[in-house]
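Heads up: the structure comes next, in structure tokens.
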Amino acid sequence: MPSPTLNPQHTGSSLSNSNISELEHTNGETKKKMFVTQPNFPNIYPLEKDVPFSIKEASNIFYNHIKESVSSKQFISTFEGFIKDEQGLDCSGDVKNMFKFTEKDSKENPMFRDEIDTLMRVDAYYNDCLPFLGSLVSISMQMISSNIMYPVGLGDEKITNQTRTKLQQHRQRQVMAQENARPYVSSKLSRNDKERLEIIRNKEISLKAATNLLVMLLRWFKASHILKFEYLNSLIFDNDFFRLLINFLDGNKFATQFTNKNYDLKDPSCLINNRLVYCDYECLYKFEEYNFFRKCCGIHYKSDSFLPETVDSIRDEIFKYDDLSANGGYYMPQFNNPASGLVKIQKPNYRYCNITTNLLKMLYYNLSNFKIQRIYKWLETRPTEIMRFYLTLFNEDMNRPVLKIVKLVSPFSGKKWRSNSMDLISFVYLFYKVKLKDNWLSNFFTGNLEERLRKSYENEHCLRSLLIYYNKSVTSVET
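For any residue, its number in this note's numbering is found by taking its place in the sequence shown, counting from 1, and adding 117.
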């Protein structure tokens, strides 16, 4: 079988065979010559029955290794129905009946009855709640906004920072450091402190419920149909989720590094200001009026049933210094300096960790599948330092979405960002499964920045049009 690069009928060349060779000799040097096959002749091998066995075997191997996910099939089928509808063709049943389960499917597949019934309930829920999903997302975003907290008095400092002298700034910083001193001892709390911590607790409980609800809805919608998942993501994106998230994450980062000029990851006095590490309102559980279960069982407790609480005792409950052979738990600084010993956080703020993990997952869901406009929108917030800060706390559930985001935005960042963020790139290779041939660092999107921005708006517009068509299709006819 002749090589396609040596055959002129596939290169589109009118030259003779003598001038076509894989090696070109010029000035006594041998240079490799590149040939491009003619696209008008894509099938360079015969398709009759007498095809060589090696070619058949290669084609079978290639065919068997092609994988098409359910999400891709759902997206393509809806897209084909959308094109037919735009051209005025009959597309009845293309979207409404495909990937939609009924009682007939449940009877024909009794082994999967529970799964089919669950997907049917998800479809019914989506159809019933479609007009109200926007309100649900809007209220959830307001809960995120209410949980954005900076150290006490920081607002006044931001307003008058330009007109205040350095001495006044230093004095105010000392006062603010005393007001934000942690950990809190229950015996030293005033009534105003208790009320403030109670408000923080109620806000975190509400935000945890809201983020858990959104993450579970995203997962179930993705299991049902990919466009249900993308529609809820678009609602979250339209409600200014990126700005709220960056302020939420930055508030905790700023509070952690605010009282200490030289931030040390191994110093408990620094780590105690991190809301992921220390639960501010946990001291309220010592009081019956703020502890429901202790109030109910108050007759079984005595006033001296708890040992005296001190700052050192609280820190001993939270932190534990361990060697490199320890396993499990929350550790610092596993990423940045693992050779200098580990600080194990035995008692983190589980509720705040759950909230942060859910928000990072929602962020990755919004950026996934290379939504270029949203990726550039996220990069406008300059999130590198914040992502680096949240990678200092070693926890797989919380680190995984951050590493995914770093891997996703790397092709859209310049060389300067890559040179300054080699630690983040190293984290992806060390703690996230990357394929050997995954060229995620190379900029595989051709064109300059203006062309990519134009394409990003076009892609976002096409996605929104497809979502409108899908929502009209699934709600117009009941099956």
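Yeah, the Cβ is synthetic: ideal placement off N, Cα and C, and Gly gets one too.
Less than 8 Å between the C-beta atoms of residue i and residue j, yes or no?
i              : j              : result
isoleucine 261 : leucine 361    : yes
valine 254     : cysteine 400   : no
threonine 219  : leucine 344    : no
leucine 570    : tyrosine 481   : no
glutamate 315  : tyrosine 407   : yes
lysine 437     : glutamine 463  : yes
arginine 392   : asparagine 364 : no
glutamine 490  : tyrosine 574   : yes
leucine 352    : leucine 250    : yes
leucine 496    : valine 526     : yes
Can you tell me the Cα-Cα spacing of residue i and residue j, whole angstroms?
i                 : j                 : result
isoleucine 200    : cysteine 579      : 12 Å
valine 332        : tyrosine 469      : 15 Å
asparagine 244    : threonine 592     : 6 Å
leucine 206       : isoleucine 193    : 17 Å
leucine 236       : arginine 336      : 12 Å
phenylalanine 354 : glutamate 321     : 22 Å
tyrosine 507      : asparagine 516    : 8 Å
tyrosine 549      : phenylalanine 179 : 28 Å
serine 223        : isoleucine 585    : 29 Å
lysine 221        : serine 590        : 21 Å
methionine 258    : serine 304        : 36 Å
aspartate 540     : tryptophan 534    : 11 Å
glutamate 174     : leucine 324       : 56 Å
Going by the DSSP bridge assignment, what does residue i pair with across the sheet?
i                 : result
phenylalanine 436 : Ile462
Please state whether DSSP places residue i in a helix, a strand or coil.
i                 : result
phenylalanine 358 : helix
phenylalanine 511 : strand
aspartate 167     : coil
threonine 501     : helix
tyrosine 482      : helix
cysteine 396      : coil
serine 367        : The question names serine, but residue 367 is aspartate in the sequence shown. The answer is helix: DSSP assigns aspartate 367 an H, G or I state.
aspartate 245     : helix
phenylalanine 216 : coil
proline 300       : coil
glutamine 204     : coil
lysine 488        : coil
isoleucine 183    : coil
phenylalanine 404 : coil
cysteine 631      : One cannot answer for residue 631 here, as it falls past the ends of the chain, which runs 118 to 596.
Quick one: using the 10 Å Cβ neighbour count with 16 as the cut-off for buried, is residue i buried or exposed?
i             : result
serine 582    : exposed
aspartate 357 : exposed
proline 300   : buried
tyrosine 546  : exposed
histidine 182 : exposed
aspartate 433 : exposed
tyrosine 587  : buried
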